[in-house]
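Trainee:
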Ligand SMILES: [Zn+2]
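In my numbering, the protein residues as written are -17 to 222.
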């Protein structure tokens, strides 16, 4: 008798709208918390990527150094047995070391043998990504790329087909490198030279009339190695 149904309804309505408001504000708080969490997560990822990449770079460098050391040890032991060990035999030893360790460089660097005339050990094995001497590294990668180019040109001649207008793409240090054919040499000083539209590692060549390489350049962010037919390697490794 005391409570009228109408009053009850009004109370319920007030309680209901209060509850709704509470729920709505709680939902708003939840949404804000979620947003902050997402932002924190995004921030954490953004910050951790460069940290991870720099860690990975250091870890790769370390693993590469350890693997090359083992390959060098094998090479040095082989050299004790065979003092006349030639370049090709030495390469086979390094190939065996690579096979035993699955890979020499975790970053996919090509490996090269550097002559050491001043040392008892004739060769030093090094990596196209992790060699510390940037001048030498550029030259080794350049010489390797030129070798691939000469092989590709010889392949065209053998099959009697034209050299592609655009040039070739080779795998150098496990990355695709376009080796672009030009009509004229360009005045290139290093890979990130502002006077050309290319950045990073670049390579160009021109052909002589007989189809051989007349001019070739391989440039990275540090140096440019230039080859001219008849003069061999010239004007390479400009410092910035
Ligand atoms: Zn390496």
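Built from N, CA and C at the ideal position, the CB exists for glycine as well.
If we require 3 or more residues per run, which beta strand (DSSP E) segments fall completely within the region 75 to 103?
Mentor: 93 to 97
Trainee: Determine the extent of the alpha helix (DSSP H) in which residue 137 is found, giving its start and end residues.
Mentor: 116 to 141
Trainee: Going by DSSP, what residues sit across from residue 63 in a beta bridge?
Mentor: DSSP output for residue 63 lists no bridge partner at all.
Trainee: Check whether the Cβ of residue 292 lies closer than 7 Å to any heavy atom of ligand 1, and answer yes or no.
Mentor: Given a span of -17 to 222 for the chain in the structure shown, any question on residue 292 remains unanswerable.
Trainee: Once the 5 residues before and after residue 207 are set aside, which same chain residues still bring their CB inside 6 Å of it?
Mentor: 120, 121, 124, 200, 218
Trainee: Please classify residue 17 as buried or exposed, where buried requires at least 16 neighbouring CB atoms within 10 angstroms.
Mentor: exposed
Trainee: Helix or strand or just coil, what does DSSP make of residue 36?
Mentor: In this structure, residue 36 counts as helix in the three-state DSSP scheme.
Trainee: Using CA coordinates, which residue listed in 142, 59, 55, 88 is at the minimum distance from residue 112?
Mentor: 88
Trainee: Helix, strand or coil: which one does DSSP assign to residue 225?
Mentor: Outside the shown range of the chain (-17 to 222) lies residue 225, about which nothing can therefore be said.
Trainee: To the nearest angstrom, report how far apart residue -15 and residue 20 are at their CA atoms.
Mentor: With a pLDDT of only 43 at residue -15, under the threshold of 50, the placement of this residue in the model should not be trusted; the figure read from the coordinates follows. Spanning the two alpha carbons is a distance of roughly 50 Å.
Trainee: Using the rule of at least 16 other Cβ atoms within 10 Å of the residue's Cβ for burial, across every protein chain shown, is residue 155 buried or exposed?
Mentor: buried
Trainee: Please state the DSSP three-state secondary structure of residue 203.
Mentor: coil
Trainee: Cutting at 8 Å between CB atoms, please list the residues of its own chain near residue 216, excluding the five before and the five after it.
Mentor: Answer for residue 216: 208, 209, 210, listed in chain order.
Trainee: Determine the DSSP secondary structure at residue 196, reduced to helix, strand or coil.
Mentor: strand
Trainee: Please classify residue 26 as buried or exposed, where buried requires at least 16 other C-beta atoms within 10 Å of its C-beta.
Mentor: Here residue 26 is exposed, its C-beta having fewer than 16 other C-beta atoms within 10 Å.
Trainee: Compute the Euclidean distance between the alpha carbons of residue 115 and residue 138, then round it to the nearest angstrom.
Mentor: C-alpha separation (whole angstroms): 35 Å.
Trainee: CA-CA distance, residue 110 and residue 153?
Mentor: 12 Å
Trainee: On the CB-based measure, 16 or more other CB atoms within 10 Å of its CB, does residue 14 come out buried or exposed?
Mentor: Result: exposed.
Trainee: Distance check for residue 107 and residue 94, CA to CA, integer angstroms please.
Mentor: Approximately 6 Å, taken between the alpha carbons.
Trainee: Indicate the three-state DSSP secondary structure (helix, strand or coil) for residue 185 in the structure shown.
Mentor: strand
Trainee: Alpha carbon to alpha carbon, how far is residue 128 from residue 213? Give it in angstroms, no decimals.
Mentor: Each residue's CA atom was taken as its position, placing residue 213 and residue 128 some 14 Å apart.
Trainee: Do residue 111 and ligand 1 come close, with the Cβ less than 7 Å from some heavy atom?
Mentor: For ligand 1, at least one heavy atom lies less than 7 Å from the Cβ of residue 111.
Trainee: Report yes if the C-beta of residue 138 is less than 7 Å from at least one heavy atom of ligand 1; otherwise report no.
Mentor: No; taking the cut-off as 7 Å, the Cβ of residue 138 has no heavy atom of ligand 1 nearer than that.
Trainee: How many angstroms separate the CA atom of residue 204 from the CA atom of residue 91?
Mentor: Each residue's Cα considered, the two are about 17 Å apart.
Trainee: Does residue 58 come out as helix, strand or coil in the three-state DSSP assignment?
Mentor: helix
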